[in-house]
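Asker: Below you will find the structure I want to go over with you.
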Amino acid sequence: MADSDAPRRSDDADDTQAAVAPVERRSERRARRTSAAGAGAGGGKPRGRGKQRSLLFKVITRSLAALAALFVVGVIALFVIYQRTEIPEPNAAAQRQISVLYYDDGKTELARFNNTTREDIPISQVPQSVRYAFLSAEDRSFYDNQGVSPTGIVRALWTNLTGGQTVGGSTITQQYVKNYFLTADKTMTRKLKEVMISLKIDNQTPKDEILQNYLNTIYFGRNAYGIQAASKAYFNKDAKDLTVSEGAFLASVVQAPSRLDPANGQDAKNRVNARMVYVLDGMVSQGWLTQEERNRQTMPTFQERKRQTVPGPNGYIRDLVETELKGPLGLTQEDIDRGGLRITTTISRKAQTAAVDAVNKRVPETEATKNLHVGLVAQRPGDGAVVAVYGGRDPAKEANNATYQRMQAASGFKVFGLLGGLQDGMTLNKTYSGRSPMYFKQYVSETNPRGRVGNFGNISYGNISLQRATANSVNTVFLQLNEDIGPSRTAQVAEQAGIPKSSLGKPTLSNILGTDSVRVVDMATAYNTIAGEGVKSTPYYIKKVTSSTSSYTYDAKPKTTRVFDRAVAMNTRVALEDVITEGSGRPGTRGLGRPAAGKTGTSNNNMAVWFNGFTPDLTASVGIFQSADGGKTYQPMRNIAGIPNLTGGTFPTEIWTAFMQGALQGDPATKFPKAPGLTSSFSPTTTSRPTQEQPAPAPPPASSEAPAPAPEPSPEQPSSSSEAPEPSTSEAPEPSSSSAPPPSSTQPPEPTQPPEPTQPPEPTAPPEPEPSPPQPEPEPQPEPEPSRPPQPTSTFGGGNGNGPSASARPQQD
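Residue numbers (this note's numbering): 1143 to 1955.
Below you can see the structure in the form of structure tokens.
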């Protein structure tokens, strides 16, 4: 057994050795590697570093190969793009630059902005010095380059990418291509097309022909395309007669016409002067002009910039839209002239047609009415979108009667006192004495020693509610109301409703009778606040803007603010409804066929007449005055079209009614919501009422006419005259408030202010009352005061139109 075991143990030992051997070999390998590393550290060959260098070499060579491949692919791609690039038709591109106005449907064209001028001329008609001026300004290597400037492109791209100031990188050829064939978008795609087309044009077209096309297509401002049109626009001469200085100016102004046109002020003059220095010095450095000739150059003389407009009533809309584009939207004149804008306005074609037709039919252009100036503005309640504007017959013939001219507000202003009273805790049932005459110490003057004030036609009403006093426009009631709430409160409410503060004079007792002069758009905005149940809406004219030459877009967002309590505004509306159903507005609004509210207004001597009103769906104001000299002076509106005295209940109300019928034709007759009740909580601000209902008898009058009162003096009411500015129709309401910026202080004031206490008014017969006046209640009447000497017709002027006129009396409705 022992012998048999011995061989078996020997086999096991061999197996153990076989299993261990691989482990030893691995250990040996590790030892050899360690030994080799030690040898290398001692000065042997660094095998690891060699492998690293080999790897780096492979990365570099492969990267270079990839870049080379990309370059080849890029060159091939550019070659293919170049071959496939086609030069667009210039005429189609030029058409895309025209900016078009549309009615609110976005489809029906209303007007166009670009009354552009362009006349192509051969390069031979451009003086050599003028050609050099353009090369000096835009591309001094024009005759040597291949149509593009690689360094300029790289420099422009780098500056723009790093956020630096935008710089140009275009040759004359590239500018010609960009301005005439492509859009102004700042994209890589557009830039690539510009480069490809420029290369192709430079390869196919002689340099002189490229320069000729550039000079015939570049935009110079003042709606002038091409050097011939620009020469006429700035210097009223042909291009062939341009001097060196004039050529240097035109070469300078193309960089930024809106910023460099001297007509835009001293800053623009300074900027273009600096640019001309660069151009002229460049001509010297290139050998195109001697230093002696350079030293003789001066700033040329320019002709006045001609105003571009659209004829007819729609021209006013075009100008108002332009003002809004430049104001709230921040666009430049160049954007408008060349941007290919597609402007959808807020103007309704149906409403605008109705406005023009209403004025033309009721106030036709005849010998009797040729000096009447009519303004109309219509807005959407709760939104402010202006759906119709009638500023006059033609912006070239008269200023905008809707948004520029001012006239005394008359009785349309009484609503602000009513609003103030209700806001302060009154109700429509509050009563006052409506007797006529009454006596107010604020009206005391040398010519009116008792401070006498009478109602229209000297009608006495006895005790009367605010609601009925509004319907019948009772002067004595509203003066007492103004005493209770305070004239400053009336002015504050008017401003809250939408009357600009610049149109409001010093608060006096008479301001509630409408002694301040306002614009039609301001009254429309204020009454639109009432129609909007106390929400004031900023008027605007632009609904949407897109561009056919860029990605520019704009969508209007109405600006609304609640300024009055809803119940207060609705109760005010109730009182205004009575004006139409039983008051001075009833005759003129017959046949309207839908609920409405409003207020007539007639200033003293019939110098200004109004109707301001609204339906549940639309607000509109109409104002009329008469002037034979475009608004420098005003004349009473008497014996016109068979009407002895024009009042608010005649032409204005009739125009308003005809307009509403046309503008709302086919629309359902929406009803006003029921007004909530108000709780009386008012406490007067005065402790005693400065009125005298039973004055001492006066001496017997020499005339039975009821003289008018003179208001208290106001130090802010100048009486000097001044001339109105030239007609301007681009004024528009300020985007951040309810109206456009007021005109300058040189505009004509309205002639309907109350007289200074020391000036006697002229004794004219009182205007005929509007139809259906209420019958006076029987009560004792004081004897009228003695007659006064006649006062000559005055010329009105000065300031913001709040000054008194020597012949003014309180408004008559």
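Beta carbons: idealized from backbone N, C-alpha and C, even for Gly. Here the structure is a predicted model, which is why all the values come from computation and not from measurement.
1) Would you mind reading off the limits of the beta strand (DSSP E) that contains P1786?
2) In three-state DSSP terms, what is W1752?
3) In terms of alpha-carbon separation, which member of R1548, R1460, F1582 lies closest to G1772?
4) From L1820 to N1605, what distance separates their C-alpha atoms?
5) Within 10 Å of its beta-carbon, does D1409 have 16 or more other beta-carbons around it, so buried, or fewer, so exposed?
6) Using the rule of at least 16 other Cβ atoms within 10 Å of the residue's Cβ for burial, across every protein chain shown, is K1448 buried or exposed?
7) Whether or not the segment 1678–1698 and the segment 1772–1785 are in contact is what I'm after, with contact meaning three or more pairs of Cβ atoms, one per stretch, closer than 8 angstroms; do they touch?
8) Which class does E1351 belong to by DSSP, given the choice of helix, strand or coil?
9) What residues are listed by DSSP as bridge partners for I1766?
10) What number of angstroms, rounded off, separates the C-alpha of A1811 from the C-alpha of A1372?
11) Please classify V1616 as buried or exposed, where buried requires at least 16 other C-beta atoms within 10 Å of its C-beta.
12) Relative to the C-alpha of A1762, which candidate in D1720, N1456, A1611, A1496 has its C-alpha closest?
13) Just how far apart, CA to CA, sit L1560 and A1398?
14) Within the segment 1544–1584, note down every full beta strand (DSSP E) run reaching 3 residues or more, in order along the chain.
15) Using 10 angstroms around the beta-carbon of D1809, count the other beta-carbons present and answer buried if the total reaches 16, otherwise exposed.
16) On the three-pair Cβ rule with 8 angstroms, is the segment 1266–1283 touching the segment 1380–1397?
17) Where DSSP assigns a beta bridge to Q1521, which residues make up the other side?
18) Confirm, please, whether the CB-CB distance from S1241 to G1533 is below 8 angstroms.
19) Helix, strand or coil for T1488? Go by DSSP, reduced to three states.
20) Per the contact definition of three or more C-beta pairs closer than 8 angstroms, is the segment 1510–1519 in contact with the segment 1621–1637?
21) What number of angstroms, rounded off, separates the C-alpha of G1628 from the C-alpha of S1652?
22) What do you reckon, are the CB atoms on A1711 and I1722 nearer than 8 angstroms?
23) Less than 7 angstroms separating the Cβ of S1690 from some heavy atom of the ligand HEM?
24) Is it true that the CB of P1442 sits closer than 8 angstroms to the CB of T1359?
25) So, with DSSP's three-state summary, where would you put R1708?
26) Output the distance between the C-alpha atoms of K1468 and D1477, rounded to the nearest integer angstrom.
27) Starting from the Cα of I1654, find the closest Cα among S1587, L1564, F1555 and give me that residue.
28) Determine the contact status of Q1445 and S1387, defining contact as a CB-CB distance below 8 angstroms.
29) Are the Cβ atoms of F1814 and R1736 separated by less than 8 angstroms?
30) Kindly indicate which residue of E1464, N1355, Q1475 has the alpha-carbon position closest to the one of R1401.
31) Are the segment 1489–1503 and the segment 1564–1571 in contact at 8 angstroms, needing three or more beta carbon pairs?
32) By the 10 Å Cβ neighbour count, where 16 or more other Cβ atoms means buried, how is S1427 classified, buried or exposed?
33) Confirm, please, whether the CB-CB distance from A1800 to R1504 is below 8 angstroms.
34) V1421 to N1415, Cα distance in whole Å?
35) Does T1259 come out as helix, strand or coil in the three-state DSSP assignment?
36) Using CA coordinates, which residue listed in L1718, G1363, N1787, P1729 is at the minimum distance from M1749?
Answerer: For this structure:
1) If you look at P1786, you'll find it in the beta strand (DSSP E) that goes 1785–1787.
2) Three-state DSSP puts W1752 in a strand.
3) Looking at R1548, R1460, F1582, the one whose alpha-carbon comes closest to that of G1772 is R1548.
4) C-alpha separation (whole angstroms): 21 angstroms.
5) Classification for D1409: exposed.
6) Exposed is the call here.
7) No: the two stretches stay apart, fewer than three of their Cβ pairs being nearer than 8 angstroms.
8) Residue state, collapsed to three classes: helix.
9) Here I1766 is bridged, per DSSP, to V1516, V1751.
10) Cα to Cα, A1811 sits roughly 55 angstroms from A1372.
11) Counting every other CB atom within 10 Å of its CB across the protein chains shown gives V1616 a total of 16 or more, marking it as buried.
12) Nearest option by C-alpha distance: A1496.
13) Roughly 53 angstroms between the two C-alpha positions.
14) Qualifying beta strand (DSSP E) stretches, in chain order: 1573–1575.
15) Classification for D1809: exposed.
16) They touch, by the three-pair rule.
17) BP columns for Q1521 point to V1528, T1761.
18) It is not a contact, given that the beta carbons lie outside the stated cut-off.
19) Here DSSP, grouped into helix, strand and coil, assigns T1488 to coil.
20) Verdict: no, contact absent.
21) CA-to-CA, the gap between G1628 and S1652 works out to about 11 angstroms.
22) Not in contact: A1711 and I1722 (Cβ atoms no closer than 8 angstroms).
23) For the structure depicted, the ligand HEM is absent and the ligand set is empty, with no information on it obtainable.
24) Not closer than 8 angstroms, so no.
25) In the structure shown, R1708 sits in a helix (DSSP, three-state: H, G or I).
26) About 9 angstroms.
27) For the set S1587, L1564, F1555, the Cα lying nearest the Cα of I1654 is the one of F1555.
28) No. Outside cutoff.
29) No; because the gap between Cβ atoms is not below 8 angstroms, this pair is not in contact.
30) Of the candidates E1464, N1355, Q1475, Q1475 places its Cα closest to the Cα of R1401.
31) With a cut-off of 8 angstroms, the segment 1564–1571 and the segment 1489–1503 do not count as touching, because too few Cβ pairs lie within range.
32) With fewer than 16 Cβ atoms within 10 Å of its Cβ, S1427 is classed as exposed.
33) Yes, the Cβ-Cβ distance between R1504 and A1800 is below 8 angstroms.
34) Rounded to the nearest angstrom, the two C-alpha atoms are 10 angstroms apart.
35) Collapsing the DSSP output to three states places T1259 in a strand.
36) Checking every option, the nearest Cα to that of M1749 belongs to N1787.
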